[in-house]
Amino acid sequence: MKKNENSRSSFSGKLGYVLAVAGSAVGLGNIWRFPYLAAKYGGGIFLLTYLILMLTFGYALIVSETALGRMTKRSPVGAFRSFGKSAPFRFGGWINAVIPMLIVPYYSVIGGWVVKYLFEYLRQNTAALAKDGYFDSFIANSSETELWFLLFCLMVIAVLFAGVKQGVERVSKIMMPLLVLLAVFVAAYSVTRPGALEGVAYFLIPNFKNFSWMTVVAAMGQMFYSLSIAMGILYTYGSYIKKDVDIEKSTQQVEIFDTAIAMLAGLMIIPAVFAFSGGDAATLKAGPSLMFITIPKVFASMDFGTGAGILFFLLVLLAALTSAISLAESGVSTFEDQLGWSRAKSTLLMGAVILLFGSASALGFGVLDFVRILGMSVLDFFDFLTNSLMMPVAALSTCFLVTRVAGLDRIIREVEQSSAFRRKKMYCFFMKYLAPICIVVILLSSIASVLGWITL
Ligand code: PFF
């Protein structure tokens, strides 16, 4: 234990830690996923539901995972094992540890698409990107998607080799402030387009007529995704911090940062859609393609569309990179801890996993198009498997560990080592009742959707 503690990577201070966690949280989930879900599931009412869940359920889980990581100084497998050696503990640890290893490959494929779009905007191919069918024919071109995927992976792996302080922390410190500046700039541009204000109102003002059960389920799933909960990352990052980091305060800062970027992304995309299409229902419900199909059309129709396209995709790339790095970092740390391997060797293994599963996802719309798992493409399958099935189970195991094994008292004591735990009572209520109920709801809804009973 002693040796491992001394040799363990760590963050240099509070700011480095908060920026690294924010870098992990702010990603494609905020800029690509949040706006299309908000557009689809009711605008302001989706936003309100999301905010409530994030401040309650999300907050409790972040505090728990970070405290468990700091308490045990281990990434998830070791953290669970330090409480018991039987099968449920091994399962709880490994499910948290495996999730980021399965996410980062397909996430890097989407990262590759972002690099491609940025490259095309830099070449001023603004009109071509807006043509009908451009995106579909691009993802069907296997050699091209593989190439862009590899480029994105190279960037991620290079940072990982550099380590926590030199790599993860340094990159986050530069990229995060830059990202905020770019987001404010692009959002300001978008909301000042003629006709855009209607979109601002749709996004910000709750309208209860738009509320449905799906609003809650979608907001809950998005909260997991966006805050990087239930995927071992927060255990791992928690294990790198010292006792002087105020867990409650840093959780709050990360939540504010993550939500601010998601809201800015909403303000970039939804008003632009209104300015462009008058907010017709079909465009608002475009789903995942909103960023790659609808937004290029919006940019092509605008003055200075190429400049807006460059800024926008640069922003998305920065966000995607810091998140992919954190997902992969979690995997590397698990290999280091569990296999006793050096950082370099563990990074190589993580790189191999990314290449293998990522290539299958990248080629899944081209030469591997015939492969369907539960009726889904390889990429969609990995997304569904991790977000809809594994993450709720992982979160449930954390709830179990906190409430039944470690005990809420120990978590509270861990948090109180660095500050007063102001929302202690709320925290206990959320962990005991709210979180398990919410998790079971997501899990059942996901299973119902794969059986075709409901449409997510
Ligand atoms: N939280 C990050 C994002 O919103 O993009 C990273 C991430 C976490 C991506 C979990 C995907 C995922 F399933």
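Everything in the sequence shown is counted per my numbering, starting at 33 for the first residue and increasing by one.
Heads up, the beta-carbon is just placed ideally off N, CA and C, and yes, glycines get one too.
Item: Run through the segment 194-259 for me and flag every whole alpha helix (DSSP H) of 4 or more residues, listed as ranges in chain order.; Value: 202-223, 229-236, 245-259
Item: Report the residue ranges of all alpha helix (DSSP H) runs contained in full by the segment 304-340; include only those spanning at least 4 residues, in chain order.; Value: 313-316, 326-332
Item: Would you say the beta carbon of Y221 is closer than 7 Å to some non-hydrogen atom of the ligand PFF?; Value: no
Item: Would you check if there are 3 or more beta carbon pairs closer than 8 Å linking the segment 132-139 to the segment 316-336?; Value: no
Item: Can you give me the C-alpha to C-alpha distance between G116 and L381, rounded to a whole angstrom?; Value: 27 Å
Item: Compute every distance between the C-beta of T418 and the non-hydrogen atoms of the ligand PFF, then say whether any falls below 7 Å.; Value: yes
Item: By the three-class DSSP mapping on this structure, what secondary structure does S478 have?; Value: helix
Item: Is it right to say G264 is buried, meaning 16 or more other beta carbons lie within 10 angstroms of its own, or is it exposed?; Value: buried
Item: Consider the C-beta atom of A57 and the heavy atoms of the ligand PFF; say whether any pair is separated by less than 7 Å.; Value: yes
Item: Mind checking V50: buried by the 16 CB within 10 Å criterion, or exposed?; Value: buried
Item: Answer with buried or exposed for S477, where buried requires no fewer than 16 other C-beta atoms within 10 angstroms of its C-beta.; Value: buried
Item: Is L296 near the ligand PFF, with its Cβ less than 7 Å from a heavy atom?; Value: no
Item: Classify N38: buried if its beta carbon has 16 or more other beta carbons within 10 angstroms, exposed otherwise.; Value: Interpretation of N38 is limited by its pLDDT of 47, a score under 50 that renders its predicted location unreliable; no figure is taken from the coordinates.
Item: Is F89 buried or exposed, if buried means 16 or more other CB atoms sit within 10 Å of its CB?; Value: buried
Item: Classify R404 as buried or exposed, calling it buried when 16 or more other Cβ atoms lie within 10 Å of its own Cβ.; Value: exposed
Item: Are the segment 304-324 and the segment 272-285 in contact at 8 Å, needing three or more beta carbon pairs?; Value: no
Item: Along the chain, where does the alpha helix (DSSP H) containing L93 start, and where does it finish?; Value: 91-104
Item: Per DSSP, I405 forms a beta bridge with which residues?; Value: M408
Item: Cα separation between F6 and M295?; Value: Residue 6 lies beyond the stretch modelled for the chain, which goes from 33 to 488, so this question has no answer here.
Item: Buried or exposed for R65, please, with buried defined as at least 16 other CB atoms from any protein chain shown within 10 angstroms of its CB.; Value: buried
Item: Under 8 Å, do S96 and I444 count as touching if we go by C-beta distance?; Value: no
Item: From which residue to which residue does the alpha helix (DSSP H) around N62 run?; Value: From DSSP, N62 is part of no alpha helix (DSSP H); its letter is neither H nor E.
Item: Is DSSP giving A452 helix, strand or coil here?; Value: coil
Item: If you count every other CB in all the chains shown that lies within 10 Å of the CB of V472, and 16 or more means buried, which is it?; Value: exposed
Item: Determine the direct distance from the alpha carbon of Y82 to that of M33, and round the result to whole angstroms.; Value: Its pLDDT being 37, under 50, M33 is placed unreliably in this model, and the value from its coordinates should be taken loosely. One C-alpha to the other measures close to 40 Å.
Item: Suppose you measure from the CA of L347 to the CA of S118; what does that come to, to the nearest Å?; Value: 45 Å
Item: For the ligand PFF, any of its heavy atoms closer than 7 Å to the Cβ of N62?; Value: yes
Item: Three or more beta-carbon pairs under 8 Å between the segment 174-194 and the segment 383-401, yes or no?; Value: yes
Item: For the alpha helix (DSSP H) containing D168, name the first residue and the last one.; Value: 166-172
Item: Using the Cα positions of L79 and G372, report the straight-line distance between them to the nearest angstrom.; Value: 44 Å
Item: Based on Cα-Cα distance, which residue from T98, A467, A480 lies nearest to Y267?; Value: T98
Item: Can you tell me whether I327 sits near the ligand PFF, meaning its C-beta is under 7 Å from at least one heavy atom of the ligand?; Value: no
Item: Assuming S107 and S358 make a contact with CB atoms under 8 Å, what is their CB distance in whole Å?; Value: About 12 Å; that fails the 8 Å criterion.
Item: Go ahead and pull the three-state DSSP assignment for M422.; Value: helix
Item: S374 lies in the alpha helix (DSSP H); which residues open and close that run?; Value: Where S374 is concerned, there is no enclosing alpha helix (DSSP H), given that its DSSP letter is neither H nor E.
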